[in-house]
Structures are given as structure tokens and as C-alpha cells.
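For the protein sequence lines, the chains are A and B, in the order given. Counting in this note's numbering, the first sequence tops out at residue 233, every number present. Counting in this note's numbering, the second sequence tops out at residue 233, every number present. Report on the following structure.
Protein chains: 2
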Amino acid sequence: MVTRGTPKPPSRQLADLLRAKIESGELAPGTPIPSIVALATEHQVATNTVQKALRILKDEGLITSVPGYGTFVAER
Amino acid sequence: MVTRGTPKPPSRQLADLLRAKIESGELAPGTPIPSIVALATEHQVATNTVQKALRILKDEGLITSVPGYGTFVAER
DNA sequence: GCCCATTTGTACGTATGTATG
DNA sequence: GCATACATACGTACAAATGGG
Chain A
158 MVTRGTPKPP SRQLADLLRA KIESGELAPG TPIPSIVALA TEHQVATNTV
208 QKALRILKDE GLITSVPGYG TFVAER
Chain B
158 MVTRGTPKPP SRQLADLLRA KIESGELAPG TPIPSIVALA TEHQVATNTV
208 QKALRILKDE GLITSVPGYG TFVAER
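Set out below in C-alpha cells:
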């Protein structure tokens, strides 16, 4: 759940949430992550915020994005 | 000069522009970079775009930001 | 080859939060 | 307390890439 009024901003909360799913294996390497719009709707945040969260995970090498196609869990 | 209609987005153009000034020594290590608002006004882009450009340089280790204080050219 | 829906990427303008001096 | 500056988020818009029909 993404909440406000906490020291941890929504973008980090969402990044942490997705990272946990990846590391737990719920999102396996090679599988697609829900689209940005889907994540924004699901977690009640702006698409920009989702982009920011995904950027964090990209910087960590956990995911890769293909424009016009989708975002996927990286092979480790 | 930051232009549109080119394959290189404004945020990258601005990042490249600032990087060149740093590497040429025009902006020496330890010296402050103009504020985000100042850069946005000067280059006619949104503050968000400036933030994006600065983020690129931060990722490259060329600058560091201190909230409420300013952004500075990194040492070395 | 040509539309078209989907998806990522970038940008805009604005608002608010937080830190510094 | 106040002014300045960075950080985050919102909603919106449009470009470019992809894939399916």
C-alpha cells in the first residue's frame, strides 16, 4: 500500500514494493511488469510517480524497459 | 541553446551543456550552479526538466545538491 | 504496407513538502 | 518567522516505438 504523510515518498514506497515482489520471486526474471498506467491506477498515484519508481529499479539493474513494448524483470 | 524538434530531448541538451561547462573548467569544482528556477528561466524550460538534467549529472557524479542550500560542482 | 491501440519516454505548468541560512 | 532552494507529486499532453489486425 502506498500512503502519504510518511517520510518515505510514494515513489520509493512503490519501488520498494516492486523490489520485494522481484526478490521474493513473485515476479520472476523475464516476466512483464504491469504497465505504467496500470500501476498508476492500481496504486492511486500519477504516471510520473510510477516512472520515478521504475527508474530506481532500473538504476539497480532489476528491470529493463522496451519503449512501446513493456517493462520486464531483468535476468540476473 | 536548448531547442525542440530534435531527437535529443531538452533535458539531455541541458545536461550536456552544463557538463561541457564543468569539464572546460568554466564551472570549477566547489562552485555553485545557478538555481533550478534560474536555469529554467534562462533556458526556457520547466523546472522539472532542469531537475531531470541535474539528475543525469548527479548520476555521473559531476554535481551534488544540498536541499535548501544549492547545487555544486563536485570535487574532482 | 497501413491504421490503431498500447506502452514507454519526455515535457509542461502547478502545488506542496522539506531543508538551509 | 521568512526567503530561498531543492525534492516530490499531481494531472495532462504529445512523441516514438511496438505489435496486431
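We put the beta carbon where it would ideally sit given N, CA and C, even for glycine.
Residue pairing by DSSP places Gly227/B opposite Val223/B in a beta bridge.
If you draw a straight line from the Cα of Met158/B to the Cα of His200/A, it comes to about 39 Å. Within the model, the alpha-carbon separation for Thr160/A versus Lys209/A is close to 16 Å. Secondary structure at Pro166/A: coil, using DSSP grouped into helix, strand and coil.
For Arg212/B, the enclosing alpha helix (DSSP H) covers residues Thr204 to Asp216. Going by beta carbons, Ile220/A and Val207/A fall outside the 9 Å limit. Here the alpha carbons of Ser222/B and Arg233/B stand approximately 15 Å from one another. Across the set Asp216/B, Leu211/B and Glu217/B, the C-alpha of Leu211/B shows the shortest separation from the C-alpha of Gly227/B. Using a 10 angstroms sphere on the CB of Ala197/B, the tally of other CB atoms reaches 16 or more, which defines it as buried. If you draw a straight line from the Cα of Lys165/B to the Cα of Asp216/B, it is about 19 Å long.
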